[in-house]
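Just so we're aligned, residue 900 is where the sequence shown starts under our numbering, counting upward by one. Where is the CB? At the ideal position from N, CA and C, for every residue including glycine.
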Amino acid sequence: MKIITGDGEVAEVNKNLYVILDKLPAPISKFNLSKDQMFWYKFFGQQLVDTKKLTKPDLIHLHRLAKSVDYYIQAEEKISDLGFDGGLIQTFKGGATNVSGYVTIREKMIKEIDELSKHFGFSFKDRSKLVEIKATDPAQVDMFDQFLKANHG
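As structure tokens, this is what we get:
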């Protein structure tokens, strides 16, 4: 569906009437994305633009995703560099052990990435929900479509 925006432009909108962005805007400067986070912002953002899924309200989630992927990768690198002792587990002076802070960060970022992936439909399961077209009764009138036809000819 398309609408005419306040500045007279014709824009495509999704079912929630959010304007679908046709190009990826620059990241919001207040997020202070690092070079690596900028990479992930552009990487995922362009995929969303290409599939006509990105809207302005999604941008905050895109920034979160960029940071979460970067933090996940940093934690994985640290675990790999330090190995089992220090990377996966930490050993205290008394001999007790626990998972390292890097593992904790890794787990939290995986959870965050999974949550954001569902939001954007990046998993197989979620993608199928996004593209699933519900069968409608052809006799059922679309009130919004009727309104547009009546008001915009």
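In the DSSP assignment, residue 988 falls within the beta strand (DSSP E) that extends over 988-990. Assignment of residue 996 by DSSP, reduced to helix, strand and coil, places it in the strand class.
In this structure, the alpha-carbon of residue 1011 lies about 17 Å from that of residue 930. Apart from sequence neighbours up to five positions away, the residues of its chain that approach residue 980 with a beta-carbon distance below 8 Å are 986, ordered along the chain. Where residue 942 is concerned, the enclosing alpha helix (DSSP H) starts and stops at 934-949. The segment 1009-1023 and the segment 951-966 touch, with no fewer than 3 CB-CB distances between them shorter than 8 Å. Residue pairing by DSSP puts residue 984 in a beta bridge opposite 988. Remark: C-beta atoms of residue 918 and residue 950 do not approach each other more closely than 8 Å. Cα atoms of residue 988 and residue 921: separation of roughly 46 Å, rounded to the nearest angstrom. In this model, residue 975 and residue 956 are separated by some 30 Å (Cα to Cα).
By the Cβ-count criterion, residue 943 is buried, with 16 or more other Cβ atoms from all chains shown falling within 10 Å of its own Cβ.
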